[in-house]
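K.L.:
Residue 68 in the UniProt record's numbering is what sits at position 68 of the sequence shown, and the numbering runs on without skipping anything. Glycine residues also receive a C-beta, built at the ideal position from the N, C-alpha and C atoms.
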Amino acid sequence: MNKVLLIIQREYLTRVRKKSFIVMIFVVPMLILVMGFVIKLVAEDSDKLSTLETVNVIDKSGVFDHKFRNDKNIKFNYALTDLKSAKELLKNSEGISILYIPPDYLQKDSVQIFSKKKASLPLSDEIEKQMNEIAFSDNLLKHHIDPALLSSIKKTNISLNAIEISDKGDKSANIGQNMIIGIACAIFIYLSLFIYGGQVMRGVIEEKTNRIIEVVISSVKPFQLMLGKIIGVGLVGLTQFSAWIILSAMATKIAGHSFNTPGSGLFNALQVIQTIPFGFILGCFIFYFLSGYLLYAALFAAVGSAVDSETETQQFMFPITLPLLFTYILSVSVLFRAPDSPLAVWLSMIPFTAPVAMMVRIPFEPPVWQIAISMCLMIAAFLFTTYVASRIYRVGVLMYGKKASFKEMAKWFFYKE
Numbered sequence: 001m002n003k004v005l006l007i008i009q010r011e012y013l014t015r016v017r018k019k020s021f022i023v024m025i026f027v028v029p030m031l032i033l034v035m036g037f038v039i040k041l042v043a044e045d046s047d048k049l050s051t052l053e054t055v056n057v058i059d060k061s062g063v064f065d066h067k068f069r070n071d072k073n074i075k076f077n078y079a080l081t082d083l084k085s086a087k088e089l090l091k092n093s094e095g096i097s098i099l100y101i102p103p104d105y106l107q108k109d110s111v112q113i114f115s116k117k118k119a120s121l122p123l124s125d126e127i128e129k130q131m132n133e134i135a136f137s138d139n140l141l142k143h144h145i146d147p148a149l150l151s152s153i154k155k156t157n158i159s160l161n162a163i164e165i166s167d168k169g170d171k172s173a174n175i176g177q178n179m180i181i182g183i184a185c186a187i188f189i190y191l192s193l194f195i196y197g198g199q200v201m202r203g204v205i206e207e208k209t210n211r212i213i214e215v216v217i218s219s220v221k222p223f224q225l226m227l228g229k230i231i232g233v234g235l236v237g238l239t240q241f242s243a244w245i246i247l248s249a250m251a252t253k254i255a256g257h258s259f260n261t262p263g264s265g266l267f268n269a270l271q272v273i274q275t276i277p278f279g280f281i282l283g284c285f286i287f288y289f290l291s292g293y294l295l296y297a298a299l300f301a302a303v304g305s306a307v308d309s310e311t312e313t314q315q316f317m318f319p320i321t322l323p324l325l326f327t328y329i330l331s332v333s334v335l336f337r338a339p340d341s342p343l344a345v346w347l348s349m350i351p352f353t354a355p356v357a358m359m360v361r362i363p364f365e366p367p368v369w370q371i372a373i374s375m376c377l378m379i380a381a382f383l384f385t386t387y388v389a390s391r392i393y394r395v396g397v398l399m400y401g402k403k404a405s406f407k408e409m410a411k412w413f414f415y416k417e
């Protein structure tokens, strides 16, 4: 046990004493804070970034003549020339487009917009929106319906406040915030498993390539060395994440006092965020980070022991990381929309996908029994994976000059001590 602790201490201290580690602890929260303010400033000044575009309308239908609305980004002119002449003038013009509306404008792809460069998506969307509104109003008039009266009747502004009924009373469901937190946790877990698991693998390859491993193995058992490296690097990751969370929380609080006033959007968002159970979410995050890391790091260590260089790891890495990648893609596209669906439940139970899938579900408060089963399976999977990886590691770490395969690694597993 003392030898394992010494290995953990070495792996931990070697990494946390690096200047890059110390710098990144302070840089990442500052970058997040700066990025938030930059996005806020850019969003406020987004109108200044847009250039004025002129659209010359050639309306052969007569429905849209002088009915388009100008705004600060688009100006409509109504051309009386034919399309051919207008296109000739366009060759020597910048920032001008031609909107051609034929008599049969309802036919698919009949309405065309010409420009010297590709038309921007906001311009196309705005023209389509206005054309649909104008065509709709024209149809209403043909049927003797007053568009202004219909518009006044339709104008309503109903907002839905989601309330969750619990044993402790009614409380806001905070659907939007839960989605954001769930996706953010899934992304952090996904990245951390790759980053810190990769560090274990690279460390094993480096020691094996430099033949340091031969000296170390003479003093400690391969299992002790692998376990010490895994836990040591894991503690480094936990230290880094803890520092980021604390510093980010402090920076957010300072920013909230300095730049927010009651009634502003950011102030209201911070008030809502304070109602979210961060203690519970943080506890689950730490568990799934550690258990997921320990599970995947054991496999990464086995892969590192089986190869002589990092370029040889690709054939082994893809099958190992495929479940994680598959779950990550589903998490940011599907699972956060249906956190209690059968797919989400099963993915949050399977150990190789649970760290990402369950963190998407945690902000939505899944049943306690599902969380308990998921955690128990994660612990069991870690113990089993570590056992399998250690048997491969003990043989592979001393193998040189021979390209390993899954078949070869299976043989290593059954080798006797």
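Suppose contacts are defined by Cβ-Cβ distances below 7 Å. Is G228 in contact with Y296 by that definition?
P.N.:
It is not a contact, given that the beta carbons lie outside the stated cut-off.
K.L.:
For S61, which residues from the same chain have a beta carbon less than 6 Å from its beta carbon, with the 5 sequence-adjacent residues on both sides left out?
P.N.:
Taken in chain order, the residues that qualify are I101, P103, Y105.
K.L.:
What does the Cβ neighbour count give for I246, buried or exposed, with the cut at 16 atoms within 10 Å?
P.N.:
When all chains shown are included, I246 counts as exposed.
K.L.:
Are S331 and S348 closer than 7 Å when you measure CB to CB?
P.N.:
Cβ distance not < 7 Å, so S331 and S348 don't count as in contact.
K.L.:
Going by C-alpha distance, which of G237, S248, E133, F285 is nearest K67?
P.N.:
Selected option, being the one with the closest Cα: E133.
K.L.:
Does DSSP put V397 in a helix, a strand or coil?
P.N.:
In this structure, V397 counts as coil in the three-state DSSP scheme.
K.L.:
Just mark C185 as buried or exposed, buried being the case when its beta carbon has 16 or more other beta carbons within 10 Å.
P.N.:
So C185 ends up on the buried side.
K.L.:
Does N210 come out as helix, strand or coil in the three-state DSSP assignment?
P.N.:
Coil.
K.L.:
Between the Cα of D109 and those of F287, M409, E128, spot the shortest distance and give me the residue it belongs to.
P.N.:
Closest by alpha carbon: E128.
K.L.:
Can you list, in chain order, the stretches of the alpha helix (DSSP H) that have 4 or more residues and sit fully within the region 83 to 149?
P.N.:
Counting whole runs of 4 or more residues, the region 83 to 149 contains the alpha helix (DSSP H) stretches 83 to 90, 121 to 142.
K.L.:
Give me the Cα-Cα distance between S124 and K91, rounded to the nearest whole angstrom.
P.N.:
The straight-line gap from Cα to Cα measures roughly 20 Å.
K.L.:
Do the CB positions of S305 and Y415 come within less than 7 Å of each other?
P.N.:
Not in contact: S305 and Y415 (Cβ atoms no closer than 7 Å).
K.L.:
What residues in its chain sit with their C-beta under 7 Å from that of V307, if we drop five residues either side in the sequence?
P.N.:
Within the same chain, V307 has close Cβ partners I205, T313, A404.
K.L.:
If we call anything under 7 Å between Cβ atoms a contact, is I98 one with N139?
P.N.:
Cβ distance not < 7 Å, so I98 and N139 don't count as in contact.
K.L.:
Excluding the 5 residues flanking F352 on each side, which residues of the same chain have their C-beta closer than 6 Å to its C-beta?
P.N.:
Counting only Cβ-Cβ distances below 6 Å, and skipping sequence neighbours, we find P323.
K.L.:
What's the gap between the Cα of L270 and the Cα of F278?
P.N.:
Confidence in L270 is poor, its pLDDT being 47 and thus under 50, which makes the residue's placement unreliable; the coordinate value appears in the next sentence. About 13 Å.
K.L.:
In chain order, what residues of the same chain lie with their CB nearer than 8 Å to the CB of K19, ignoring the 5 residues before and after it?
P.N.:
Closer than 8 Å at the Cβ level, and outside the excluded window around K19, lies no residue.
K.L.:
Roughly how many angstroms lie between the CA atoms of V200 and M179, to the nearest whole one?
P.N.:
If you take the alpha carbons of V200 and M179, they lie about 32 Å apart.
K.L.:
Beta-carbon separation of S341 and F223 under 7 Å?
P.N.:
For S341 and F223, no; Cβs fall outside 7 Å.
K.L.:
If you reduce the DSSP assignment to three classes, tell me which class F76 lands in.
P.N.:
Strand, per DSSP.
K.L.:
Does any heavy atom of the ligand ZN sit closer than 6 Å to the C-beta of Y293?
P.N.:
The ligand ZN is not among the ligands present in this structure, which contains no ligands whatsoever.
K.L.:
How many Å lie between F26 and G232 at the Cα?
P.N.:
Taking the straight line joining both Cα atoms gives about 21 Å.
K.L.:
For G95, which residues in the same chain have their Cβ closer than 8 Å to its Cβ, ignoring the five residues on either side in sequence?
P.N.:
The residues are T51, L52, E53, T54.
K.L.:
Quick one: what's got a C-beta closer than 6 Å to P355's C-beta in the same chain, skipping five residues either side?
P.N.:
Here the set comprises I189, Y288, G292.
K.L.:
Beta-carbon separation of K75 and F114 under 7 Å?
P.N.:
Not closer than 7 Å, so no.
K.L.:
Specify the secondary structure class of E365 as computed by DSSP and reduced to three states.
P.N.:
Coil at E365, not helix or strand.
K.L.:
Just curious, the alpha helix (DSSP H) that T14 is in, first and last residue?
P.N.:
Unbroken alpha helix (DSSP H) run through T14: 2 to 16.
K.L.:
Once DSSP output is grouped into helix, strand and coil, what is the label at T81?
P.N.:
Coil, per DSSP.
K.L.:
Which term fits F364, buried or exposed, when burial requires 16 or more other beta carbons within 10 angstroms of its beta carbon?
P.N.:
Label assigned to F364: buried.
K.L.:
With 16 as the cutoff for other CB atoms within 10 Å, does R15 come out buried or exposed?
P.N.:
Buried is the call here.
K.L.:
Any idea what DSSP makes of residue 505, helix, strand or coil?
P.N.:
Shown here, the chain extends from 1 to 417; a query on residue 505 therefore has no answer.
K.L.:
Quick one: grab the DSSP three-state call for V332.
P.N.:
Note: V332 maps to coil in three-state DSSP.
K.L.:
So which of R69, T386, L83, Q177 has the shortest CA-CA distance to residue 462?
P.N.:
Residue numbering for the chain in the displayed model covers 1 to 417; residue 462 lies beyond these limits and cannot be assessed.
K.L.:
If you reduce the DSSP assignment to three classes, tell me which class I58 lands in.
P.N.:
Residue state, collapsed to three classes: strand.
K.L.:
Note down the Cα distance separating V388 from Y12, rounded to an integer number of angstroms.
P.N.:
Straight-line Cα distance between these residues: approximately 24 Å.
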